[in-house]
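Below: the structure, in structure tokens.
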Amino acid sequence: MFDARRFKTRAAIDARGTVTPLEPRLLFSAVSFAQPSYYAAGIRTPPGSGAQHVAAGDFNNDGVADLVVVGNDVRLVTVVGDYVRVLPGRGDGTFGAPVVSPGMLQPHSSSVAVADLNRDGNLDAVVSEDTTEGLVYVLLGNGDGTFEPAQSFHSGANSRDVAVADFNGDRVPDLAVADASPWAPFGTRIASRYAGALLIGVGDGTFERERFIDTGNRPQHFVEAGDVNGDGHPDTVFGQVVIGAGDFVAPESAVFASIAFLDVPARPPTTVPAAITGLRLADLDGDGKLDVATSAMRDFLGNNAVAATLAGVGDGRFSPPKLFDLPAVANDVVVADFNAHGRPDQAVSSDDGRWGRPTPVPAVFTLENLGRGAFGDGQIFPLPDDGNYPGRLTAGRFNRDPLPDVAVALPNSNRVGVLVNDTPAIIPGRSGLRTVPPTFSSTALARFTVTGPRPTVDAFQVSIRWGDGTAATAGSIVANGDGSFTVLGNHTYRRAGLYRVSIVVGLPQAGLARHLSAVLRVVQR
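Below, the structure is given as structure tokens:
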């Protein structure tokens, strides 16, 4: 992906054919979403807790992202149990009616994760349960949007979150579980303690008895899996709310890593001066090391939310957090490149206080990644057809274009709100080595797509630097039958060799420009 920090100048061809520089910050659009749409996940007749957790994945094997939703039907006689249902994606950003699977879960679901746990090619779901005897439920997918009845596995005590990865290197998915209370492996006489739980996968969707993950005798409320110490194997990264939601003023949290499969001490924690409400891993600053993104609350007395980022040091430790204020409540965070600039942005489920309604208006805040660990001011996207705080959120490609969209669980209405990404962006295609003669014309150099309204070829401006020290020249654009565009160019090289060609494609009407590249092998024929 293109990184604006690597290039000091940009160039485009204006209407007079003059090559003019482009400011790096004008290369990409601000994130934007279409008007939200809403999809029922269950029955809405109060009371009840409604849709709470959501994740994206292709559960019916049609090549389109679906949504799996976990929640409680809202009805006059509340069913004592949570559902797990799939909203099938249609591939255009919309979703069908929920597909119902047999069976219910206990009404204390705390998270949902998605993976192929039995290696049959169908996506499965795993749900953690926040009960005294902590459980994870495994629901094996049938490949048609339905699940087999859930199997339960002991996972500690008050299991708050679950992550899936191959921790022991046997190519079978395992589970790491965050536990908020002391526990001991089921059926043993080992003394109880605070620890994460590791469940080794057998390969058929079942798991061995849980074992400890060292957490320094700290409770945990969030867990993610990723290689944070650079050894090529996934580690566990835990988030701990040190002072819980019952203490409304000045809560704080700790973030720390541990190696799941080895009995070694957890890495030293990093303090976050807020109560974590969501946690994700990504390389936020572009240094090749995984960092932590969290949503959090400075206190619970008002709109004092923050997005906190912790840079990975590379040995399993994290630097002190950078805090980005959000004038609202923060319930969860996801990380994705929302405007195709090659850097992961953040989206936070929140509320929009600008409406002045007596009930909250659910919303999503996005923070654009400016590079080197900096984020821009938040943009807010409300979901005004609901009337309470949102639940968890997920990112996925719901309409087949390259930009990630967002789905938010809405407990109050037992629905999912969907924000389809319509950010204008130029998306580079794959670039390979091309062999050309010293002189050529109308030769294809690079391919790209455009999101948002489809422009005509005349709307583009193209500047090409040929890598041989000659002046930049203008290129041309042709439209392809699959909706993509191709850059064509003419040039004469004086000698054979390899040349890296730098191309800037501009779309002035959208305020966009994008750097593309090609490698040419010039040969005498």
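The opening position of the sequence shown corresponds to residue 1161 in our numbering, with each subsequent residue numbered one higher. Don't be surprised by glycine CBs; every beta carbon is placed ideally from N, CA and C.
Residue from P1584, A1211, V1424 with nearest C-alpha to V1234
Of the candidates P1584, A1211, V1424, the one whose C-alpha sits nearest the C-alpha of V1234 is A1211.
Own chain, CB closer than 6 angstroms to P1544, minus 5 neighbours either side, in chain order:
Contacts found: V1521.
Just confirm the distance between the C-beta atoms of N1328 and F1421, as a whole number of angstroms; I'd bet it's less than 8 angstroms.
Yes, they are in contact, since the Cβ atoms of N1328 and F1421 sit about 5 angstroms apart, within 8 angstroms.
How is G1513 classed by DSSP in three states: helix, strand or coil?
Three-state DSSP puts G1513 in a helix.
Buried or exposed, going by whether 16 or more other CB atoms sit within 10 Å of the CB of I1360?
For I1360, the number of other beta carbons within 10 angstroms of its own is at least 16, and it is reported as buried.
Helix, strand or coil, according to DSSP, for V1260 in the structure here?
Look at V1260 here: in three-state DSSP terms it is coil, with no helix or strand label.
Tell me whether R1176 sits in a helix, a strand or coil according to DSSP, three-state version.
The pLDDT assigned to R1176 is 37, lower than 50, so where the model puts this residue is not dependable; a value taken from the coordinates is nonetheless given after this. Correct three-state label for R1176: coil.
Please classify T1396 as buried or exposed, where buried requires at least 16 other C-beta atoms within 10 Å of its C-beta.
Buried.
Considering D1565, what are the terminal residues of the beta strand (DSSP E) in which it resides?
Residues 1565-1570.
The ligand FAD and R1458: does any heavy atom of the ligand fall closer than 8 angstroms to the residue's C-beta?
The ligand FAD is not among the ligands present in this structure, which contains no ligands whatsoever.
With three or more C-beta pairs closer than 8 angstroms as the rule, is the segment 1512-1531 touching the segment 1539-1555?
These segments touch.
What separation, rounded to the nearest whole angstrom, lies between the Cα atoms of E1293 and G1365?
E1293 and G1365: Cα-Cα distance of roughly 21 angstroms.
So is Q1621 buried or exposed if we call it buried at 16+ other beta carbons inside 10 Å?
Residue environment: Q1621 is assigned as buried (16 or more neighbouring CB atoms within 10 Å of its CB, all protein chains considered).
CB P1196 to CB P1542, shorter than 9 angstroms?
Going by C-beta atoms, P1196 is nearer than 9 angstroms to P1542.
Where D1339 and S1209 are concerned, what is the direct C-alpha to C-alpha distance, given to the nearest angstrom?
So the alpha carbons of these two residues sit roughly 22 angstroms apart.
Mind the definition here: the segment 1594-1611 touches the segment 1635-1653 only if three or more C-beta pairs lie below 8 angstroms; say whether that holds.
Contact holds: three or more Cβ-Cβ distances are below 8 angstroms.
Is there contact between the segment 1628-1638 and the segment 1671-1680, where contact requires at least three CB pairs shorter than 8 angstroms?
Because the criterion of three Cβ pairs below 8 angstroms is not met, the segment 1628-1638 and the segment 1671-1680 do not touch.
So the candidates are S1288, D1628, R1625, G1589; which of them puts its Cα closest to the Cα of V1610?
For V1610, the nearest C-alpha among the options comes from G1589.
Cβ-based burial, P1504 [other Cβ within 10 Å; buried from 16]:
With 16 or more other Cβ atoms within 10 Å, it is buried.
Classify V1617 as helix, strand or coil using the three-state DSSP reduction.
DSSP places V1617 within a helical segment (H, G or I) once states are collapsed to three.
Closest to I1203 by C-alpha separation, out of E1289, V1576, A1488, D1222, would be which residue?
Distances from the alpha-carbon of I1203 to those of E1289, V1576, A1488, D1222 put V1576 closest.
Quick test of the definition: if touching needs 3 or more C-beta pairs under 8 angstroms, does the segment 1520-1534 touch the segment 1433-1440?
Contact between the segment 1520-1534 and the segment 1433-1440 is not established, with fewer than three Cβ pairs separated by less than 8 angstroms.
Rounded C-alpha distance that separates S1316 from D1280
It should be pointed out that residue 1316 corresponds to Gly in this sequence rather than to Ser. Taking C-alpha positions only, G1316 is separated from D1280 by approximately 28 angstroms.
Taking 7 angstroms as the limit between beta carbons, can you name the residues of its chain near F1478, skipping five residues before and five after?
Non-local C-beta neighbours of F1478 in its own chain, meaning closer than 7 angstroms and more than five positions away in sequence, comprise V1415, T1430, V1452, L1470, A1471, G1472, ordered along the chain.
In or out: L1295 buried (at least 16 other Cβ within 10 Å) or exposed?
Flag for L1295 reads buried.
Nearest-angstrom Cα distance between S1288 and R1607?
Rounded to whole angstroms, S1288 to R1607 spans 44 angstroms at the Cα level.
Spatial distance of H1314 from A1619 (CA atoms):
A straight-line Cα-Cα distance of about 60 angstroms links H1314 and A1619.
Which complete beta strand (DSSP E) runs does the segment 1369-1423 hold, if anything under 3 residues is left out?
Within the segment 1369-1423, the complete beta strand (DSSP E) runs of at least 3 residues are 1371-1373, 1382-1386, 1395-1401, 1413-1418.
Going by DSSP in three states, A1285 sits in which element: helix, strand or coil?
The DSSP-derived three-state label of A1285 is strand.
Go ahead and label Q1400 buried or exposed: buried means 16 or more other beta carbons lie within 10 angstroms of its beta carbon, across all protein chains shown.
Answer is buried; the Cβ neighbour count reaches 16.
Using alpha carbons as the reference points, say which of V1388, D1423, A1351, G1390 lies closest to T1375.
Nearest to T1375 by alpha-carbon distance, out of V1388, D1423, A1351, G1390, is D1423.
In its own chain, which residues sit with a C-beta less than 6 angstroms from the C-beta of S1573, not counting the 5 before and 5 after it?
R1204, D1546.
Pull up the distance between the alpha-carbon of N1559 and that of A1273, whole angstroms please.
As the crow flies, the alpha-carbon of N1559 is around 22 angstroms from that of A1273.
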